[in-house]
Structures are given as structure tokens and as C-alpha cells.
Amino acid sequence: MLERWKQKLASKDCDRSSGRELSQRSFDIETRSFQIIDAEIISHDYNELEWSIVRRVIHATADFDFAKEGRIVFHKDAIQSAFDAFKMKSPIITDVDMVLSAINKKLVKNLGLETICHISDSTLVLEAQKHNKTRSEMAMHKGVDKMQNGIIAIGNAPTALYEAIKMVRDGLVKPSLLIGVPVGFVSAPESKQELAKTNIPFITNIGRKGGSSVASSIVNALMLLYTCQNK
């Protein structure tokens, strides 16, 4: 099965079926970039599907640490749970607009998905002040109705990740997958450690690094994997 996916992911047909519609030059540059990444990493303990996700994160950030000390960490059911969410047409909820903006629009459209971010909702400012919370925390609550069986992708705010974890533990929501890769110096590593203790499928990483490009790359890689699987 892994070998079949590997062959599909390496093919131009996969890109055409995904709707990315890369030119031959773009495809060649991406392929060469992946070859460079593979050559520099040499060996790793990820399976082929996991590696295709990690490699796209490295490609987006030029940071090899995501396969080393700051490695991406997968719950054993993470990828299959994402596929199940795509099959159910479940929404993707993000913590900030930058994650939302970098999610591949053609893949989203082809899969019939909805992407949601409430961080720019003007009502959140007063709500955050009233409850002494961050806007990111309040944005998680505003999106609760769409989170059931959905995919939550957090790349910026540790407070949003902590809040999402609390909502799960309080029984308010059970997402199919929680992607938690917030970047920062205050609570970012700790929030990821807390995510790894939960009983829901997750994708996270170790340490301070992360960010919107990491979260969106993970979502895009999952959508491409699912598209290629079902081609």
C-alpha cells in the first residue's frame, strides 16, 4: 500500500487529479526540492505517508529541524482520521487567517470542504476583554458548532491550542484530528506536550517552532494524500 502511494505521489498525474495543475517547470522544481530534502535527511523513522507530510513542512519552511529535534509527531490514527474527515466533508477550522489563507483552495473545492476562521470577528475583541481571554481562545469557542468530526488546525496561538484541548476534555467537541503546531516562546512547547496526552488523533511537533506555514502545509499534504489515494 505504501509503495502504491509513493508511486502516485511522485507522478504528474497525481498533481493533475488533485487540481493543483502545476506546470512542468513548477513540478520539476518541486520534485528537485524533495530530492534535496531526502538527500540531506538520509534516514528517518517515519512511514511513507508521514514522511510525505513532514517533507512538505520542510519544503515550506526550509527547516530540517522538523525531522530532527523539533520533529513532527503523529498520533497512530492521525492520517486515517483526516481521511475520514475528508470523506465526511467535515470542515477545517483554523486559529488565524494566515493558516486559512495558505490552505490550497483548489484542493478544498475539489474535496467539497469548508474552511473556517473566526479570529477576525469584530465581536471577539469585547468578548475576549470581558472574559480575560485571548481572541484566539474565543475564536475556538465561536467555531464549536463546526468542530464535531472536523479538523482543527492551529499554527499560531498556544492559547487556542490549550482552549481546544480543554473543549475536548470537557466533552464539548470531538474533532477527527487536532493539528497543533503553534509557534512561540510562551506556552508553545507546553501546549504541544499537553496535546500529546489527549485521547484524540493529533499531529504536533516538539519545541518552540511551528507557525501558520507549518499548519497549512500539514493540511495541504493530507488533502493531497487523500486525493491521490482516491484517484
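The sequence shown begins at 212 in the working numbering and counts up one residue at a time.
In this text, a Cβ means the ideal position worked out from N, Cα and C, and glycines have one as well.
Fair warning: this is a prediction, and the values are worked out from it, not measured in the lab.
query: Simplified DSSP assignment, three categories, for A364; result: strand
query: Within 8 Å, strictly: CB atoms of V379 and N416; result: no
query: Host alpha helix (DSSP H) of F294 (start-end); result: 289 to 298
query: Buried/exposed call for S312, threshold 16 Cβ in 10 Å; result: exposed
query: Own chain partners of S423 with C-beta closer than 7 Å, once the 5 adjacent residues on each side are dropped; result: V307, M309, V310, A313, G366, N367
query: Per DSSP, cross-strand counterpart(s) of N416; result: I283
query: Own chain, CB closer than 7 Å to G361, minus 5 neighbours either side, in chain order; result: A296, S301, P302, I303, I304, P386, S387
query: Collapsed DSSP secondary structure at I314 in the structure displayed; result: coil
query: Selected residue, minimal CA-CA separation from V355, among A339, P369, K377; result: K377
query: DSSP three-state assignment for K223, whether helix, strand or coil; result: In this prediction, K223 scores a pLDDT of 44, lower than 50, which makes its location untrustworthy; no coordinate-derived value is stated.
query: Opening and closing residue of the alpha helix (DSSP H) in which L406 lies; result: 399 to 406
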